[in-house]
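See below for the structure under consideration.
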Amino acid sequence: EWPPSTRLSYTLTGDFRGPVVGTATVEWLRAGSRYQVHMDVSAGLLFSRRVSSEGEVTPEGLQPRRYDEETKVVLRDARRLTVWLDGDRVRLANGTEVPRPAGVQDSASQFVQMTWLFTTRPELLERGRTVEMPLALPRRVEPWVYEVLETETLHTPAGPMQAVHVKPRREGKANELTAEMWVAPSLQYLPVRLLIRQDAQTFIDLLIE
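Position one of the sequence shown corresponds to residue 103 (the working numbering), numbered consecutively onward.
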């Protein structure tokens with residue numbers, strides 16, 4: 103039900119104070135009931151970001167214990183944020199503690215949790231369906247709703263792939279990172295494209311190599 107340890111490589115295009123190109127990887131590691139997810143994004147010397155999640159694999163899905171985020175932008179100090187998820191509490195990056203919702207994920211684990219949901223419940227990928235998931239972000243915990251849209255053919259360096267477009271419903275949430283994904287049934291429902299936006303002018307688009 104869970105994919106084996108996997109490393110996916112992506113090409114990166116987008117706009118960050120101007121057009122950018124680069125590379126990205128998503129790595130899923132599992133050893134028994136423990137897991138790690140690492141996502142590395144780099145646009146040369148301009149900026150880089152690494153997000154990581156670690157925790158446990160359970161019959162109900164992933165149970166994150168720790169989330170780390172490190173961002174480096176040229177001419178700025180590196181920024182590091184950590185979220186702890188322990189027992190029935192979540193400790194945010196500023197030290198504030200809030201209740202832990204059932205099934206909560208973080209910004210890195212959500213992609214593999216989606217993979218598991220679509221593998222075990224493929225009916226969720228029917229157009230018009232929605233997937234609800236609470237997310238522990240560095241500054242808050244809140245429910246997110248993802249809408250399942252159309253199936254598209256993506257032309258990738260690995261060849262054409264059929265993928266289902268899954269998009270978060272975030273009306274009225276300005277200047278907040280959102281991640282759209284295109285998941286491929288032929289690739290264990292892993293994301294073959296990720297579109298991560300901060301606003302209309304700032305985004306990165308990852309396409310699988």
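Each residue gets a CB set at the ideal place from its N, CA and C atoms; glycine is no exception. What you are looking at is a predicted structure, and each value in this text was computed from that prediction instead of being measured.
Unbroken beta strand (DSSP E) stretches of 3 residues or longer found wholly inside the stretch 157–198: 163–175, 181–188 and 191–193, given in chain order. Contact between the stretch 230–238 and the stretch 202–211 is present: three or more C-beta pairs spanning the two stretches fall below 8 angstroms. The continuous stretches of alpha helix (DSSP H) do not include residue 104, and DSSP gives it neither H nor E.
Residue 299 sits away from residue 309, with the two beta carbons spaced by 7 angstroms or more.
Shortest Cα-Cα distance from residue 173 to any of 194, 149 and 155 involves 149. The residues 303, 304 and 305, in chain order, have a CB closer than 7 angstroms to that of residue 117 in the same chain once the five nearest residues on each side in sequence are set aside. The criterion of a C-beta distance shorter than 7 angstroms is not satisfied by residue 144 and residue 311.
Taking each of 157, 207 and 183 in turn and checking the Cα distance to residue 198, the smallest one comes out for 183. The stretch 121–133 and the stretch 161–180 do not touch, with fewer than three beta-carbon pairs separated by less than 8 angstroms. In the same chain as residue 193, and ignoring 5 residues on each side of it, the C-beta atoms closer than 6 angstroms to its own belong to 186 and 199, in chain order.
For residue 212, there is no enclosing beta strand (DSSP E); the enclosing alpha helix (DSSP H) covers residues 211–222. Remark: C-beta atoms of residue 268 and residue 250 approach each other more closely than 7 angstroms.
Within the stretch 115–140, the runs of beta strand (DSSP E) that reach at least 3 residues and sit entirely inside it are, in chain order, 121–133.
Counting of Cβ neighbours within 10 angstroms places residue 188 among the exposed residues, the total staying below 16. Per DSSP, reduced to three states, the secondary structure at residue 287 is helical.
Nearest neighbour of residue 293 by Cα position, chosen from 264, 272, 146 and 279, turns out to be 264.
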